[in-house]
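Visitor:
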Amino acid sequence: MIKAQSKLSEARLASRIGYQFKQPELLQLALTHRSVSHKYNYERLEFLGDSLLGMIIANYLYKAYPTENEGRLTRMRATLVRQEALGKIANDLKLSQSLILSTGELKSGGHHRESILADTVESIIGAIYVDCSDLTVLEPIVLKWYEPYLDHIEPTDQLKDPKSRLQEYLQARKKALPVYDVVDIQGDAPNQHFKVECKVDGLSVVNGEGTSRRFAEQAAAADILKLLEQ
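In full-length UniProt numbering, the protein residues as written are 1 to 230.
(1) How is His152 classed by DSSP in three states: helix, strand or coil?
(2) Is the segment 133 to 141 in contact with the segment 106 to 119, if contact means three or more CB pairs nearer than 8 angstroms?
(3) Considering Cα atoms alone, identify which of Arg213, Leu177 and Gly208 is closest to Ala222.
(4) Tell whether a beta-carbon distance below 8 angstroms holds between Leu80 and Ile153.
(5) Check this for me: beta carbons of Ser98 and Ser9, under 8 angstroms apart or not?
(6) Alpha carbon to alpha carbon, how far is Leu177 from Phe21?
(7) Give me the Cα-Cα distance between Gln158 and Arg165, rounded to the nearest whole angstrom.
(8) Can you give the Cα-Cα distance for Tyr169 and Asp201, rounded to whole angstroms?
(9) What does the alpha-carbon distance come out to for the pair Ala11 and Gln171?
(10) May I ask you to report which of helix, strand or coil DSSP gives Glu217?
(11) Sort Ile116, Lys174, Ala64 and Arg213 by Cα distance to Val182 and report the nearest one.
(12) Please state if the CB of Tyr129 and the CB of Ser61 are separated by a distance shorter than 8 angstroms.
(13) Taking the C-alpha atoms as reference points, what is the distance between Glu197 and Gly87?
(14) Determine the DSSP secondary structure at Thr103, reduced to helix, strand or coil.
(15) Just to confirm the assignment, what range does the beta strand (DSSP E) spanning Val206 have?
(16) Helix, strand or coil, according to DSSP, for Gln230 in the structure here?
(17) Go through its chain and collect everything with a Cβ distance to Asp119's Cβ below 6 angstroms, but skip five positions before and after it.
(18) Looking at the structure shown, is Tyr129 part of a helix, part of a strand, or coil, going by DSSP?
(19) Exposed or buried, which one is Gln186 when buried takes at least 16 other CB atoms within 10 Å?
(20) For Asp92, which of Ile116, Tyr146 and Asn41 has the nearest alpha-carbon?
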């Protein structure tokens with residue numbers, strides 16, 4: 001019964017994604033967070049998907065906006081591929097229901113963490129490409145996900161990294177600057193994985209993860225900014 005329910009869940013997710021995997025294990029890998037396994041997780045697929053997404057969006061914008069200059073096209077692309085945009089795509093696809101996380105990550109709310117959801121969108125893009133090896137198959141799938149957001153693209157001026165934006169946000173309001181602490185390092189260099197806590201007065205402690213301390217701090221800062229902006 002459990003296996004049947006799992007297959008039904010996978011079928012529903014494949015339907016929402018708009019792609020039927022020839023190698024279903026790739027979809028499973030794309031949904032598996034590092035907290036479950038240091039070796040069997042989505043990070044390599046995410047690396048591939050990040051590059052593919054940037055190319056797909058750049059190609060779309062180049063064709064759709066023939067009179068726009070390079071600077072504006074760059075800002076438009078940044079708007080569409082940043083974490084917040086990917087988080088919306090993940091919610092549209094209901095990815096939080098399918099993430100494969102450790103018990104600890106589940107308890108800490110990892111299935112709703114925007115950074116994990118955004119990473120998973122990119123890993124699924126990578127998985128689709130590995131499965132089909134065909135950009136002409138992948139591109140329309142990704143653009144279909146983006147369809148609700150392509151009509152009115154407002155280029156973001158928030159091209160600064162989340163740590164810089166958070167610092168400026170707090171300084172402008174004369175508040176104490178954030179404090180970052182590394183709480184966990186897994187693996188050996190150069191394949192380490194960092195977990196960082198970000199503390200801001202008046203807010204709950206927020207965790208960020210990444211393949212370097214800097215990336216982990218950026219992830220935590222991005223989540224703090226989202227809380228503050230709400």
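Built from N, CA and C at the ideal position, the CB exists for glycine as well.
Guide: Put simply:
(1) If DSSP states are grouped into helix, strand and coil, His152 belongs with coil.
(2) no
(3) Distances from the CA of Ala222 to each of Arg213, Leu177 and Gly208 were compared; the closest alpha carbon is that of Gly208.
(4) yes
(5) yes
(6) 46 angstroms
(7) Only weak support is given to the placement of Gln158: the predicted model assigns it a pLDDT of 47, under 50, and the value that follows is read from those uncertain coordinates. Going by the C-alpha atoms only, they are around 8 angstroms apart.
(8) 13 angstroms
(9) 48 angstroms
(10) helix
(11) Arg213
(12) First, the amino acid is wrong: residue 61 is Leu here, not Ser. At the C-beta level, Leu61 and Tyr129 stay beyond 8 angstroms of one another.
(13) 21 angstroms
(14) helix
(15) Val206 to Gly210
(16) coil
(17) Glu46
(18) helix
(19) exposed
(20) Nearest option by C-alpha distance: Tyr146.
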